[in-house]
């Protein structure tokens, strides 16, 4: 039987490095990692056996790091992760970082001490990339990147959607519905996914030779509400809004109701995410639906094989999004 | 200086028992516990010093066990716990049990291995009481009981509200608004807090010599929706509904909208909790507001002193609730 030492010798690295690669960690230089993968293939080495042979304490738990406990989008993802993990007899430990790198770090360090088996991380903090080099359990990125994906060498598996396309779809739908003065209330300035949505939106407006307004906000209801009032008071000419997420969209419905602006006759709105409440508010919110019900499941199904050592390959999975037309938009020609 | 051994000798128990009592655990028989407290007072022993003298690994983390990750009520409590814990440099580890005792047990055991410093538990599972006897960190019950509170000897601190009163307030408001055929869509059959709300509701209806209808549901949106359709189809005479929580109330607004039943003219609704979305739906939901923004803070502020050993006393804190009148109810005489 081929041993871990044989692989190490052949690949010119230490046995510890091989075991790190097999356990899906980020600690290893990408060139060394590729070399180890090649050697494993060449020697027909079965990582599954190694995984079993490595004495490793397991808590049968995965850690899920989310950037908000209040936004239902993340709660719905968390529920989905938990159901999937549970099916495989894993527990889910949930940590809310509020998007703060220091909190992410503290939670990850703390859970490592308790023999956590792996992490699902929803974060855009690039500092994480370096920090995770010292983390010796598998990690899967969810919904967004905290690392720069290189061409053919992914540091981690990632499950996400195409936010640029989502921005395009939202803008195109507003134009199709007859809106002529269109605004976007964007998510946080430093967020890549928020910026991708902005770029997709801009692309469609530019191609249609239309002016547009971008309003700053964050993804919270409170900031969305304040941006919504700013929009209604300072830019009464706007007849179509792409809200950066559903919480912002719902806040705009609220503000428009209070300011007596008729939806969709005077103002049309497209949200983003398709959280449960986007359907429940009145008028119900047209939105770009993310695959909330499969995102957590897909990421968990990618992570678990890395934990037990039956998979060593990192994958990038882009899940489809779709427009759901509800009552905040309406084709004017109809 | 008085030592832990002096207290043990005087109280007729082992030093380990004294340390368990000081650490706020449930492992100790209530009579022994009281004896230890008396002796501590008598000898003017300062638990603070003991706490410091006990060599105990800390992860500077508290575990929060919630029964649902989807109901915004618990998310808002979790955010509040986290903010408070964070102020004191503690992390919050969130675990969703779905109300299942085996999951609660698994999470508590797992977090104990990682030197968790204490637990906040939202649960009604009575099996927890016995299980927690083997848990050697402080525990505070939140929102509901998992143990039988005895007259003057509380096993744990608890922070909750008066659900019986809440049920009374909801029923009284519907009557004040002119409703004559009133129904209650209740929470889970086996839930004490749901049953307390039912009893408060029944008390007011009985005192007013009015018939009433009770419909079974759980606290989820899906079950609430199914009960709402049952109510609208099978009991069209009902003109006022006390919904067991806001998710049920919001589901009834949705069902009434689809069935073209006018709110509040044909049907009035009172919810329970005052989650963020109760204000955002249209019509906005009249509700019995729980002190969501102080409940988590209060419980955390009770737990932390028990963790550092500066408090050994268990307290029962009943936080006030209030009626918030919105658009789903309306006084008919006005």
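Residue numbers (the working numbering), protein chains in the order written: chain A, -12 to 321; chain B, -12 to 321.
Glycine residues also receive a C-beta, built at the ideal position from the N, C-alpha and C atoms.
Please read all numbers here as calculations on a predicted model, not as lab measurements.
- At least 8 Å separates the beta-carbon of residue 173/A from that of residue 147/A.
- In the assembly as shown, residue 263/B is a buried residue. Its beta-carbon has 16 or more other beta-carbons within 10 Å.
- Here DSSP, grouped into helix, strand and coil, assigns residue 171/A to strand.
- Taking the Cβ atoms as the reference, residue 126/B lies roughly 6 Å from residue 108/B, within the contact range of under 8 Å.
- Looking from the CA of residue 103/B, the closest CA among 317/A, 201/A, 80/A and 122/A belongs to 80/A.
- Going by DSSP, residue 303/B is part of the beta strand (DSSP E) stretching over 303 to 305.
- Distances from the alpha-carbon of residue 250/A to those of 158/A, 226/A, 165/A and 296/A put 226/A closest.
- Closer than 8 Å to the CB of residue 269/A there is at least one CB belonging to chain B.
- A distance below 7 Å between beta-carbons, with the five flanking residues on each side excluded, links residue 118/A to the following residues of its chain, in chain order: 92.
- Near chain B, meaning a CB-to-CB distance below 9 Å, the residues of the region 235 to 264 of chain A are 237, 238, 240, 241, 244, 263 and 264.
- Contact between the region 232 to 239 of chain A and the region 288 to 304 of chain A is absent: fewer than 3 CB-CB pairs across the two stretches fall below 8 Å.
- Within the model, the alpha-carbon separation for residue 258/B versus residue 184/B is close to 11 Å.
- Sequence-ordered contacts of the region 183 to 211 of chain A with chain B read 208 [C-beta pairs closer than 9 Å].
- In the structure shown, the three-state DSSP call for residue 276/A is strand.
- Segment contact: the region 53 to 62 of chain B against the region 14 to 27 of chain B, fewer than three CB-CB distances shorter than 8 Å; contact not assigned.
- Contact check for residue 157/A against residue 229/A passes: the beta carbons are separated by less than 8 Å.
- Per DSSP, residue 179/A lies in no beta strand (DSSP E); the unbroken alpha helix (DSSP H) holding it starts and ends at 179 to 194.
- Straight-line spacing of the CA atoms in residue 318/A and residue 163/A works out to 7 Å.
- Look at the region 227 to 273 of chain B and you find these whole runs of beta strand (DSSP E), each 3 residues long or longer: 227 to 230 and 255 to 260.
- Fewer than three pairs of CB atoms, one per stretch, sit closer than 8 Å, so the region -3 to 7 of chain B makes no contact with the region 285 to 298 of chain A.
- Beta-bridge pairing by DSSP links residue 309/A to 276/A.
- Across the structure, residue 77/B and residue 194/B are spaced so that their CA atoms are roughly 49 Å apart.
- Shown here for residue -8/B: same chain residues with a beta carbon closer than 7 Å to its own, the five before and five after excluded, namely 2 in chain order.
- Per DSSP, the beta-bridge partners of residue 82/A are 52/A.
- The beta-carbon of residue 82/B is placed less than 8 Å from the nearest beta-carbon of chain A.
- The Cβ atoms of residue 153/B and residue 308/B lie closer than 8 Å to each other.
- Counting along the chain, residue 148/A sits inside the beta strand (DSSP E) bounded by residues 144 to 148.
- In the three-state scheme derived from DSSP, where H, G and I count as helix and E and B as strand, residue 216/B is classed as helix.
- Note that the C-beta distance between residue 54/A and residue 6/A is not below 8 Å.
- Counting every other CB atom within 10 Å of its CB across the protein chains shown gives residue 89/B a total below 16, marking it as exposed.
- Straight-line spacing of the CA atoms in residue 310/A and residue 276/A works out to 6 Å.
- DSSP places residue 60/B in no beta strand (DSSP E) but in the uninterrupted alpha helix (DSSP H) bounded by 59 to 74.
- Following the DSSP letters along the chain, one finds residue 128/A inside the beta strand (DSSP E) bounded by residues 126 to 129.
- One thing to note: residue 232/A has its Cβ no nearer than 8 Å to the Cβ of residue 216/A.
- Going by beta carbons, residue 72/A and residue 287/A fall inside the 8 Å limit.
- Residue range 199 to 202 is occupied by the beta strand (DSSP E) that includes residue 202/A.
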